[in-house]
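Residue numbers (our numbering): 103 to 321.
Down below is the structure, laid out as structure tokens.
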DNA sequence: GCCCAGGTGGGTA
DNA sequence: TACCCACATGGG
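Below, the structure written as structure tokens:
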């Protein structure tokens, strides 16, 4: 897939789909981390509700969450699912950030990106996707996060050939401008939810039909 | 009732 | 490297 084709895809995505605004732009990096952990394997709606429940009771800062009771965190975020596991993760990642990074993610986020990813991924509950979301929103050198929608849609559109996370990320990063990583990520998700659903091969109504190798109007 | 949702971590072959 | 599984609630 060429860069110009990727640009055309982005242009049409912007024209045809609203940009989702989960979390908005007012989150601190740490708040974003907690919100992203809550969003793992659940819907936006319930992730947001869980985040609001938590925020109503506790200040979303490492020094607070590191000392909070795991049970209380779990009870507040229950609605997001996987709540025991997520509560344990939130508490332990808060502790680590407090102890090893003085409660501040900023220095990590301004590192060179592969190094920053490595450090983030070494923390509990932060895998490749969560690290990439943090870097896409707050990193000095953004990365391209890949979730299930982005993965599926990218393979389908031919934006990526590799099924391996790291290889796919590099393929996508090579086709978009750094400043567009986050926007492209969110719009590909929106595409995956509305037009290009799993188990639904029909795509004649999609505005990307002619650019998709599986599109009915494609050559 | 069944399937899936903006994953991670631990395990097996 | 490439799958497999537990984790758990809520909505279609």
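Beta carbons: idealized from backbone N, C-alpha and C, even for Gly.
In this structure, residue 276 keeps its C-beta atom at 9 Å or more from the C-beta atom of residue 241. For residue 251, the uninterrupted alpha helix (DSSP H) run begins and ends at 250–259, by DSSP. When C-beta atoms of the region 265–272 are compared with those of the region 298–312, fewer than three pairs fall below 8 Å, so the two segments do not count as touching.
By the Cβ-count criterion, residue 297 is buried, with 16 or more other Cβ atoms from all chains shown falling within 10 Å of its own Cβ.
When rounded, the separation of the alpha-carbon atoms in residue 145 and residue 153 is 12 Å. Between the region 156–167 and the region 213–232 there are fewer than three C-beta pairs closer than 8 Å, too few to call the two in contact. Remark: C-beta atoms of residue 250 and residue 234 do not approach each other more closely than 9 Å.
In the DSSP assignment, residue 147 falls within the unbroken alpha helix (DSSP H) covering 146–159. Annotation: residue 195 to residue 253 spans about 27 Å, alpha carbon to alpha carbon. In the structure shown, the three-state DSSP call for residue 140 is helix.
Nearest Cα to residue 280 within the set 238, 300, 255, 262: 238. With respect to the C-alpha of residue 122, the residue from 172, 289, 230, 192 having the closest C-alpha is 289. Linking residue 107 to residue 229 through their CA atoms gives a straight-line distance of about 30 Å. Each residue's CA atom was taken as its position, placing residue 113 and residue 177 some 43 Å apart. At the C-beta level, residue 191 and residue 226 come within 9 Å of one another. Taking the Cα of residue 284 as reference, the smallest distance to any Cα among 267, 259, 231 is reached at 231. Separation of the CB atoms of residue 156 and residue 181 is rounded to 10 Å, and the pair is thereby denied contact status at 8 Å.
A buried status is given to residue 138, since no fewer than 16 other beta-carbon atoms sit within 10 Å of its beta-carbon.
Counting C-beta atoms within 10 angstroms of its own C-beta, residue 105 has fewer than 16 neighbours from the protein chains shown and is therefore classed as exposed. The beta carbon of residue 186 sits closer than 6 Å to the beta carbons of 176 from its chain, once the five residues preceding and following it are set aside; these are given in chain order. Annotation: the continuous alpha helix (DSSP H) that includes residue 287 extends over 283–296.
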